[in-house]
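Visitor: If you count the sequence shown from 1, position 78 lands on 78 in full-length UniProt numbering, and the numbers rise without skipping.
For reference, the structure I am asking about is given below.
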Amino acid sequence: MSELLGAEIKKNPLGKLKVLATFKKDARAQIFGGRVMSGKAVRGAMGDVTRNGVAVVSGKIGQLQHNKEDMPEVKEGLEAGIRFDAVTKDFPDVKVGDILDIYEEEKIKRSI
């Protein structure tokens, strides 16, 4: 019976990035650059872009660069370039000053 319950998704925070510049955007992804304000940015991690404390779009860090070099992660205080793959099509533009809250998802089995 427990199998019928979907897994609970827990967000484990990894870091925050402040958007300093935006570049090209298509229907599913946007490229932007920013500074890691706390923690770290990790390729493949999920993220929520917030503006004035309100979530604008959710997605995944599809590509991560530091000094034009592909990196698995970028630590606090460093700048990074990100290809952000949105979970929805035709999402709102990410803007300078937005905050990317970076997290990894943990699936927890539910029980009765």
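For each residue, glycine too, the CB sits at the ideal point set by N, CA and C.
Return helix, strand or coil for V96, following the three-state DSSP convention.
Guide: Residue numbering aside, residue 96 sits at position 96 when the sequence shown is read from its first letter. If DSSP states are grouped into helix, strand and coil, V96 belongs with coil.
Visitor: Using alpha carbons as the reference points, say which of A86, I61 and V49 lies closest to V74.
Guide: As a position in the sequence shown, residue 74 is number 74, starting the count at 1. Checked all of A86, I61 and V49; the closest Cα to V74 is I61.
Visitor: Am I right that A86 and V54 are in contact with their C-beta atoms under 8 Å? What's the rounded C-beta distance?
Guide: Position 86 of the sequence shown holds residue 86. Position 54 of the sequence shown holds residue 54. Incorrect: roughly 16 Å between the Cβ atoms, too far for contact.
Visitor: Rounded to whole angstroms, what is the Cα-Cα separation between K24 and A45?
Guide: In the sequence shown, residue 24 corresponds to position 24, counting from 1. In the sequence shown, residue 45 corresponds to position 45, counting from 1. Answer to the nearest angstrom: the Cα atoms are 21 Å apart.
Visitor: Using CA atoms only, rank isn't needed, just tell me which of G6, G15 and R110 is closest to R35.
Guide: Locating residue 35 in the sequence shown gives position 35, where the first residue counts as 1. Of G6, G15 and R110, the residue nearest in Cα terms is G15.
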